[in-house]
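*Asks:* Would you mind keeping the following structure in view while I ask a few things?
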Amino acid sequence: MRLGQFGNKPTPVSLPVPDKFDIGDNFDMWEARVRPYLELCEPGHRRYTLLSLLGQEAFTLVHEEIPEGGVSEETFSVLRKILTPQKTMSELRDEFRYRTQKPGEGVRQYSVELKKIARQALVGYDPSVREMLILHRFIDGVSSAAIREMFSLDPPGNLPEAVERAAKREATMGAQISPKSPQGMPNVSGRPGDQPRRGPYGRDRGRRFQPERWVRANERKDTSMARKEYNGAISKSFHVSAVPVVSTVFGNFSPTVDGFINGVKGTFLIDTGSSCTLVREASTITLGERVPQRLWAANNQEIQTLGVAKPIFRIGHQEVAHQAIVVKELLWDAIIGVDFLTLHQCLINLAAGILHIAGE
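Right, dumping it as structure tokens:
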């Protein structure tokens, strides 16, 4: 054989053998390592190789569920279903709602993880609505105060823009990640409460929601203090419009809009993490049949429900009737949940500070 012929012979590619999967391991990470490894195996050997990459307990659970023959997408779906704990839709939505950037996790990886959770938690949503919810969660959950402040002053129009801008800012800061968040009760945006930041003259520049102070204010029925603790020391309106959206300076992005319920003016919190719409008890709200409901706020307080109603909401120039749960006490006249936003094809334009209802 001539040297030239020998030199053109393909060089075999090899990968390190992935670790075995044990119950409780990260299935996504394991799958990402196993897939390319199996591609290098002969098709007839892939089932055996896959089984050899399972720990004893995992092997016992699944070996009879993997049919003879090649390994397919269905194979990994079966493995995932058996080897990972099955969560209820409520648990999946809570996981999405409270997912924040973890210590040591870059903003790009954080956005990837959010999308993974959203694929399970936001099943059936219109793609544009799903991206809007991921965008809001990304903005709320990023750990850098500098990035949150950047977004509050100049809100991103879409998720790719938000990730790109956050990554650039993260790089300029030397990829410094905030210290690990203290464990405990989450706030409505899933971040721990911060202490006020001091301005040049010793004034508070603003602070994010501190749940323990909010709870105490609620118990005292001190509405103004509760609103202050929720909204922070400073709030700002974005661009002037018929339906202005208000958000905290430090990017809490749970905006409020002014509107009407059954003809009475009110303020509504737009909560993209809430699966249902709530209205506060009022003489203008007609209760329908009482349906037993158990609801909890983000601070783990149970919400006292009175029944259901179908009031008429007017936001901007558009009126819609929507079924809502009536509750005894609420800081706002209503909390607009994902059910309302989806059913009425609403779009929250953070850049313009406007809530759009289909037909406007």
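The UniProt record's numbering numbers the first residue of the sequence shown as 1 and each following residue consecutively.
In this text, a Cβ means the ideal position worked out from N, Cα and C, and glycines have one as well.
#1: Can you have a look at Y110 and say buried or exposed, based on whether 16 or more other CB atoms are within 10 angstroms of its CB?
#2: Can you check whether the CB of E149 is closer than 8 Å to the CB of G106?
#3: Would DSSP call A162 helix, strand or coil?
#4: L347 by DSSP, collapsed to three states: which one?
#5: When you compare only the Cα positions, how much space is there between S275 and A32?
#6: Can you name the start and end residues of the alpha helix (DSSP H) that A62 belongs to?
#7: Quick one: what's got a C-beta closer than 8 Å to A121's C-beta in the same chain, skipping five residues either side?
#8: Give me, in chain order, the residues of the same chain whose beta-carbon lies closer than 8 Å to that of P43; leave out the 5 immediate sequence neighbours on both sides.
#9: Which value, in whole angstroms, describes the spacing of the CA atoms of T305 and I315?
#10: Quick one: grab the DSSP three-state call for K265.
#11: Could you check whether K310 and G337 sit closer than 8 Å to each other, using their CB atoms as the reference points?
#12: Looking only at its chain, what residues have a beta carbon closer than 8 Å to the beta carbon of L114, apart from the 5 residues adjacent to it on each side?
#13: Give the single residue among V17, G307 and L159 whose Cα lies nearest to the Cα of T49.
#14: If I measure Cβ to Cβ from G266 and keep anything under 6 Å in the same chain, skipping five residues before and after, which residues do I get?
#15: If you follow the beta strand (DSSP E) that residue 381 is part of, which residue opens it and which one closes it?
#16: With DSSP run on the structure shown, which of helix, strand or coil describes L306?
#17: Note down the Cα distance separating T284 from L269, rounded to an integer number of angstroms.
#18: So what's D333 in DSSP terms, helix, strand or just coil?
#19: If the criterion is Cβ atoms closer than 8 Å, does the pair L40 and L61 meet it?
#20: DSSP on L278, reduced to helix/strand/coil?
#21: Label Q101 either buried or exposed according to how many other C-beta atoms from any shown protein chain fall within 10 Å of its C-beta, with 16 as the threshold for buried.
#22: Going by beta carbon distance, what residues of the same chain come within less than 6 Å of E131, once the five residues before and after it are set aside?
#23: Given E68, which residues of its chain have a CB within under 8 Å of its CB, disregarding the five upstream and five downstream residues?
#24: Cα separation between I23 and A282?
#25: Taking the alpha carbon of L38 as the point to measure from, which residue in N26, L51, K116 and T286 has its own alpha carbon closest?
#26: Please state if the CB of I335 and the CB of D271 are separated by a distance shorter than 8 Å.
#27: For the alpha helix (DSSP H) containing Q86, list its first residue and its last residue.
#28: Specify, as a first and last residue, the run of the beta strand (DSSP E) that R35 falls within.
#29: So what's E149 in DSSP terms, helix, strand or just coil?
#30: Express the C-alpha separation of T286 and V327 in angstroms, rounding to a whole number.
#31: DSSP state of I270, grouped into three classes?
#32: By DSSP, does D22 sit in helix, in strand, or in coil?
*Replies:* On the basis of the supplied data:
#1: Against the sequence shown, residue 110 aligns to sequence position 110. When all chains shown are included, Y110 counts as buried.
#2: Within the sequence shown, residue 106 is the residue found at index 106, counting from 1. Within the sequence shown, residue 149 is the residue found at index 149, counting from 1. Against a cut-off of 8 Å, the Cβ pair of E149 and G106 comes out as no contact.
#3: Taking the sequence shown and counting its residues from 1, one reaches residue 162 at position 162. It is helical.
#4: Locating residue 347 in the sequence shown gives position 347, counting from the first residue. The answer is strand: DSSP assigns L347 an E or B state.
#5: Here residue 275 is taken as the residue at index 275 of the sequence shown, counted from 1. Here residue 32 is taken as the residue at index 32 of the sequence shown, counted from 1. Between S275 and A32, the C-alpha separation is close to 32 Å.
#6: Your numbering for residue 62 matches position 62 in the sequence shown. A small correction: the amino acid at residue 62 is Val; Ala does not occupy that position in the sequence shown. Its alpha helix (DSSP H) spans residues Q56 to V62.
#7: Along the sequence shown, one-based indexing puts residue 121 at 121. Cβ neighbours of A121 beyond the five flanking positions: M89, L92, R93, E95 and F96.
#8: The sequence position of residue 43 within the sequence shown is 43, counting from 1. Contacts found: G70.
#9: In the sequence shown, the residue the question calls residue 305 occupies position 305. In the sequence shown, the residue the question calls residue 315 occupies position 315. Cα to Cα, T305 sits roughly 24 Å from I315.
#10: If you number the sequence shown from 1, residue 265 lands on position 265. Looking at K265 - three-state DSSP - the assignment turns out to be strand.
#11: Position 337 of the sequence shown, counted from the start, is the residue given in the question as residue 337. Position 310 of the sequence shown, counted from the start, is the residue given in the question as residue 310. No, the Cβ-Cβ distance between G337 and K310 is not below 8 Å.
#12: For the purposes of this step, residue 114 is taken as the residue at position 114 of the sequence shown. Once the five neighbours on either side are set aside, the close Cβ partners of L114 are F96, R99, I134, R137, F138 and G141.
#13: Start at 1 with the first residue of the sequence shown, and residue 49 comes out as number 49. It is V17.
#14: Here residue 266 is taken as the residue at index 266 of the sequence shown, counted from 1. D333, listed in sequence order.
#15: Here the chain comprises residues numbered 1 to 360, so residue 381 is not present and cannot be evaluated.
#16: Taking the first residue of the sequence shown as 1, we reach residue 306 at position 306. L306: strand per DSSP, three-state reduction.
#17: Residue numbering aside, residue 284 sits at position 284 when the sequence shown is read from its first letter. Residue numbering aside, residue 269 sits at position 269 when the sequence shown is read from its first letter. Answer to the nearest angstrom: the Cα atoms are 19 Å apart.
#18: As a first step, residue 333 must be located in the sequence shown, where it is residue number 333. D333: coil per DSSP, three-state reduction.
#19: In the sequence shown, counting from the first residue as 1, residue 40 sits at position 40. In the sequence shown, counting from the first residue as 1, residue 61 sits at position 61. No.
#20: Translated into positions along the sequence shown, residue 278 becomes position 278. Strand.
#21: Numbered from 1 along the sequence shown, position 101 holds the residue referred to as residue 101. Q101 should be labelled buried.
#22: Here residue 131 is taken as the residue at index 131 of the sequence shown, counted from 1. Counting only Cβ-Cβ distances below 6 Å, and skipping sequence neighbours, we find L159.
#23: For the purposes of this step, residue 68 is taken as the residue at position 68 of the sequence shown. Counting only Cβ-Cβ distances below 8 Å, and skipping sequence neighbours, we find R47.
#24: On the sequence shown, position 23 is the one that residue 23 refers to. On the sequence shown, position 282 is the one that residue 282 refers to. Each residue's alpha carbon lies about 51 Å from the other.
#25: Locating residue 38 in the sequence shown gives position 38, counting from the first residue. Checked all of N26, L51, K116 and T286; the closest Cα to L38 is L51.
#26: Here residue 271 refers to the residue found at position 271 of the sequence shown. Here residue 335 refers to the residue found at position 335 of the sequence shown. Against a cut-off of 8 Å, the Cβ pair of I335 and D271 comes out as a contact.
#27: Against the sequence shown, residue 86 aligns to sequence position 86. Counting along the chain, Q86 falls outside any alpha helix (DSSP H), and DSSP gives it neither H nor E.
#28: Taking the sequence shown and counting its residues from 1, the one referred to as residue 35 is at position 35. No beta strand (DSSP E) contains R35, which is instead part of the alpha helix (DSSP H) from F27 to E39.
#29: Residue 149 sits at position 149 when you count from the first residue of the sequence shown. Helix.
#30: For the purposes of this step, residue 327 is identified with residue 327 of the sequence shown, where counting begins at 1. For the purposes of this step, residue 286 is identified with residue 286 of the sequence shown, where counting begins at 1. One C-alpha to the other measures close to 12 Å.
#31: Sequence index remark: in the sequence shown, residue 270 carries index 270 (1-based). I270: strand per DSSP, three-state reduction.
#32: Locating residue 22 in the sequence shown gives position 22, counting from the first residue. It is coil, neither helix nor strand.
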